[in-house]
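**Q** Note that the sequence shown ends on residue 826 in this note's numbering; no numbers are left out. Here a beta-carbon is modelled for each residue, glycine too, at the ideal position from N, C-alpha and C. Before I ask anything, let me first share the structure, which is written out below as structure tokens.
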Amino acid sequence: MLDDAPVRVAGLNHYYGRGALRKQILFGIDTEIRRGEIVIATGPSGSGKTTLLTLIGALRSAQEGSVRVLGQELNGASSRVLESVRRNIGFIFQQHNLIASLSALENVELGLRVTRRYRGAALRQTARSMLEAVGLGERMGYRAESLSGGQRQRVAIARALAAEPEMVLADEPTASLDSASGREVVDRMQQLARDRGTTILMVTHDNRVLDVADRIIHLEDGHLSGFTDSVLANNRHMMGLLADSHRKEDLPALVDGLDEESFRDLLQQLDQESRRVLEATTLANDLVFRSLLEQGLFAATRKLAQLFDAERASLFLVEPTRHTILLRVSENLPETPIRIPIGTGIAGAVAATGQPVRVDDAYADPRFNPEVDRLLDYRTRSLLCLPIRSRSGEVFAVAQLLNRRGGRPFAAADEHRLGEFIDSLGVVLESLHDPLREAEDVLT
Ligand SMILES: Nc1ncnc2c1ncn2[C@@H]1O[C@H](COP(=O)(O)OP(=O)(O)OP(=O)(O)O)[C@@H](O)[C@H]1O
Ligand SMILES: [Mg+2]
């Protein structure tokens, strides 16, 4: 079947050990990888990533459930079928399976020869350029046994990629590489996926390469984790595939459906992701993370409104160099930025004083600035407005709940409860904030 996904896993359980020692490692795994898709699997040590990879790679027999790979059902398959599936897969595993007595170049050539695509000088040239790409140009003539672990890993990568297999299964391929060669390796994988429709499943803990993924799946104690999976699934590429994707869950809808406790968990996760962004400058420009956080921020803001029985929630960002606040998150946000001077309007007053404000009837309050209502075609009645402080303590943003449903005003208890949520939101907001961009805005 032409349009059959190269990997379809359904209801997969896996156990190690026998009798009383039998222990379940994978639980009801369902996933599908499409042709040319790059999927990254993450998860703590021992969560079952390598096990899943070896099952998909036909290196281990499936015990329960279905594992269809490259059109073949592997559960119950004969060794001949397993072998034929394996032949179309390039493996980059922690144990590299190089031939110790052959040189790096010979090991890669051997991998290439199997494909029968190259011979003679072309074969040697392809092998060389692949070794150069993984930073082993100087070591091609060394025997595998005299290379370091990291160097052997690179030879294994060169060998797997040079053969241009239909699918690549890689377990921590960049773990022993410095960041430049790690980058080169994943870029090459991405190129392969693009040019030849190679399907790639890669386990990695390396945050610097996550952006090559079309989709990130997360294993936790042998379960594919639902939430992280769906949140992380919302990356750049998936957005592009939105129209034809049946698997992508709509993040705002997902968040809307959470109860308060799950929502707190979600905020905490976002908060943690954000701290990672703040701490690792390499991640600050990572589009996957930024887009994840951006959507998380929007969804969480909407969720706040729902939790507080408010019609709307919005977030303003303080722009100190401009002396304005910028409406950052809101329903119906127009393309032209909405800015109001610090000190005017209620959010502006909160930004200036750092004090929360509760108002029962906005239009009766002299501080209220109806301009934002006008721009958003909205009518504010009741309002609860709180400062969000940055990690260094200054008022950095303002959170606002609008129009308590049922005609009741917001209460002091709401103020307290909102305060508990917005610290996390503040961290997310802060990590998305780019002071340089703001400075440029002022100049232009
Ligand atoms: N051959 C085996 N026999 C028995 N138990 C095993 C075997 N291989 C793995 N396990 C156990 O299965 C669980 C999952 O192991 P697995 O290697 O799949 O984890 P992982 O997610 O790849 O971890 P890491 O990130 O450390 O590589 C672990 O608890 C491990 O101890
Ligand atoms: Mg592993």
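Determine which residues share a DSSP beta bridge with Glu602 and list them.
**A** The residue you call residue 602 lines up with position 220 of the sequence shown. Under the DSSP definition of a beta bridge, Glu602 partners with His605.
**Q** Judging by CA-CA distance, which residue of Thr497, Arg773 and Ile804 is the nearest neighbour of Val545?
**A** As a position in the sequence shown, residue 545 is number 163, starting the count at 1. The sequence shown places Ala at residue 545, rather than the Val named in the question. For Ala545, the nearest C-alpha among the options comes from Thr497.
**Q** Please return the same chain residues whose Cβ sits closer than 7 Å to the Cβ of Leu480, not counting the five positions on each side in sequence.
**A** The residue given as residue 480 occupies position 98 in the sequence shown. Excluding sequence neighbours, Leu480 sits near Asn489, Ala526, Arg534, Val537 and Ala538.
**Q** Measure the C-alpha to C-alpha separation of Ser764 and Val809 and round it to an integer number of angstroms.
**A** Numbered from 1 along the sequence shown, position 382 holds the residue referred to as residue 764. Numbered from 1 along the sequence shown, position 427 holds the residue referred to as residue 809. Ser764 and Val809: Cα-Cα distance of roughly 27 Å.
**Q** Identify every run of the alpha helix (DSSP H) within the stretch 406 to 458, keeping only runs that are complete inside it and at least 4 residues long; order them along the chain.
**A** 431 to 438
**Q** Using the Cβ count rule (16 or more neighbours within 10 Å means buried), how would you classify Gly622?
**A** Taking the first residue of the sequence shown as position 1, residue 622 is located at position 240. Any reading at Gly622 needs caution, since the residue's pLDDT is 32, under 50, leaving its predicted position unreliable; the model's value is listed next. Gly622 is exposed by the Cβ-count criterion.
**Q** Is Ile407 near ligand 1, with its Cβ less than 7 Å from a heavy atom?
**A** For the purposes of this step, residue 407 is taken as residue 25 along the sequence shown, with counting starting at 1. Ile407 Cβ: within cutoff of ligand 1.
**Q** Distance check for Glu676 and Gly523, CA to CA, integer angstroms please.
**A** For the purposes of this step, residue 523 is taken as residue 141 along the sequence shown, with counting starting at 1. For the purposes of this step, residue 676 is taken as residue 294 along the sequence shown, with counting starting at 1. The alpha-carbon atoms of Gly523 and Glu676 are separated by roughly 49 Å.
**Q** Take the Cβ of Glu802 as the centre, count every other Cβ of all protein chains shown within 10 Å, and call the residue buried at 16 or more, exposed below.
**A** As a position in the sequence shown, residue 802 is number 420, starting the count at 1. With fewer than 16 other Cβ atoms within 10 Å, it is exposed.
**Q** Between the stretch 455 to 472 and the stretch 418 to 434, are three or more C-beta pairs nearer than 8 Å?
**A** no
**Q** Between the alpha carbons of Glu419 and Leu592, how many angstroms are there, rounded?
**A** Sequence index remark: in the sequence shown, residue 419 carries index 37 (1-based). Sequence index remark: in the sequence shown, residue 592 carries index 210 (1-based). Cα to Cα, the separation comes out at about 14 Å.
**Q** Any idea if Lys405 is buried or exposed, counting beta-carbon neighbours within 10 angstroms, 16 or more meaning buried?
**A** Locating residue 405 in the sequence shown gives position 23, counting from the first residue. With fewer than 16 other Cβ atoms within 10 Å, it is exposed.
**Q** Just confirm the distance between the C-beta atoms of Ile722 and Asn751, as a whole number of angstroms; I'd bet it's less than 8 Å.
**A** Taking the first residue of the sequence shown as position 1, residue 722 is located at position 340. Taking the first residue of the sequence shown as position 1, residue 751 is located at position 369. About 6 Å; that satisfies the 8 Å criterion.
**Q** Would you list, in sequence order, the uninterrupted alpha helix (DSSP H) runs of no fewer than 4 residues that lie entirely inside the stretch 450 to 530?
**A** 461 to 469, 486 to 495 and 502 to 515
**Q** So which residues touch the region around ligand 2, with touch meaning a C-beta under 6 Å from any heavy atom?
**A** Lys431, Thr432 and Asp553
**Q** Rounded to the nearest angstrom, how far is the Cβ of Leu360 from that of Leu487, given a contact under 8 Å?
**A** There is simply no residue 360 to check, as the chain begins at 383 and stops at 826 in what is shown.
**Q** Residue range of the alpha helix (DSSP H) that Leu574 falls in?
**A** Mapped onto the sequence shown, residue 574 falls at position 192. Ser561 to Arg578 is the span of the alpha helix (DSSP H), which, as asked, contains Leu574.
**Q** Measure the Cβ-Cβ separation of Arg417 and Thr581 and say whether it is below 8 Å.
**A** What you label residue 417 is simply residue 35 of the sequence shown in a count that begins at 1. What you label residue 581 is simply residue 199 of the sequence shown in a count that begins at 1. Yes, these two residues count as a Cβ contact at 8 Å.
**Q** Leaving out five residues on either side along the sequence, give the residues of the same chain with a beta carbon under 6 Å from the beta carbon of Tyr500.
**A** Numbered from its first residue, the sequence shown carries residue 500 at position 118. If we look at Tyr500 and ignore the five residues flanking it on each side, its Cβ neighbours are Leu494 and Thr508.
**Q** Among the residues of its own chain, which have a CB less than 7 Å from the CB of Ala392, if the five just before and after it don't count?
**A** Sequence index remark: in the sequence shown, residue 392 carries index 10 (1-based). Within the same chain, Ala392 has close Cβ partners Asp412, Gly447 and Ser448.
**Q** Kindly confirm or deny that the stretch 700 to 708 and the stretch 735 to 742 touch, where touching means at least three C-beta pairs closer than 8 Å.
**A** Touching, no, given that fewer than three Cβ pairs across the two stretches are closer than 8 Å.
**Q** So, with DSSP's three-state summary, where would you put Asp386?
**A** Here residue 386 corresponds to residue number 4 of the sequence shown, with the count starting at 1. Coil at Asp386, not helix or strand.
**Q** Which of the three DSSP states is assigned to Gln535 in this structure?
**A** Within the sequence shown, numbered from 1, the residue matching residue 535 stands at position 153. Correct three-state label for Gln535: helix.
**Q** Nearer than 7 Å: is that true of the beta carbon of Ser427 relative to any heavy atom of ligand 1?
**A** Counting from 1 along the sequence shown, the entry for residue 427 is found at position 45. Ser427: yes, Cβ under 7 Å from ligand 1.
**Q** Can you grab the Cα-Cα spacing for the pair Arg506 / Glu491, in whole Å?
**A** Position 124 of the sequence shown holds residue 506. Position 109 of the sequence shown holds residue 491. Approximately 7 Å, taken between the alpha carbons.
**Q** Identify, in the order they occur along the chain, each residue of the same chain with its Cβ nearer than 7 Å to the Cβ of Ala402, setting aside the five sequence neighbours on each side.
**A** For this step, residue 402 is matched to residue 20 along the sequence shown. There are no such residues.
**Q** Buried or exposed: which applies to His798, given that a residue is buried once 16 or more other Cβ atoms fall within 10 Å of its Cβ?
**A** As a first step, residue 798 must be located in the sequence shown, where it is residue number 416. The residue in question, His798, is exposed, as its Cβ has fewer than 16 Cβ neighbours within 10 Å.
**Q** What does a CB cutoff of less than 7 Å around Gly399 pick up in its chain, not counting 5 residues either side in sequence?
**A** Position 17 of the sequence shown, counting from 1, holds the residue named residue 399. Correct list, in chain order: Lys405.
**Q** What beta strand (DSSP E) runs, 3 residues minimum, are completely inside the stretch 732 to 791?
**A** 739 to 741, 765 to 771 and 777 to 786
**Q** Throw me the rounded Cβ distance for the Ala440 and Val467 pair, which I believe falls under 8 Å.
**A** One-based indexing of the sequence shown puts residue 440 at position 58. One-based indexing of the sequence shown puts residue 467 at position 85. Going by Cβ atoms, the distance from Ala440 to Val467 rounds to 4 Å, so yes, they are a contact pair.
**Q** Quick check: does the Cβ of Gly439 come within less than 7 Å of any heavy atom belonging to ligand 1?
**A** As a first step, residue 439 is located in the sequence shown; it is residue number 57 there, counting from the start. Gly439 has its Cβ no nearer than 7 Å to any heavy atom of ligand 1.
**Q** Do you know whose CA, among Arg541, Leu518 and Leu583, lies nearest Ala560's CA?
**A** Locating residue 560 in the sequence shown gives position 178, counting from the first residue. Checking the sequence shown, residue 560 turns out to be Asp, not Ala. Checked all of Arg541, Leu518 and Leu583; the closest Cα to Asp560 is Leu518.
**Q** Any idea if Asp588 is buried or exposed, counting beta-carbon neighbours within 10 angstroms, 16 or more meaning buried?
**A** In the sequence shown, the residue the question calls residue 588 occupies position 206. So Asp588 ends up on the buried side.
**Q** At a threshold of 7 Å, does Gly399 count as lining ligand 1 (C-beta to nearest heavy atom)?
**A** On the sequence shown, residue 399 is found 17 positions in, with the first residue counted as 1. Gly399 Cβ: within cutoff of ligand 1.
**Q** Would you call Ser483 buried or exposed, if buried means 16 or more other Cβ atoms sit within 10 Å of its Cβ?
**A** Counted from its first residue, the sequence shown places residue 483 at position 101. Label assigned to Ser483: exposed.
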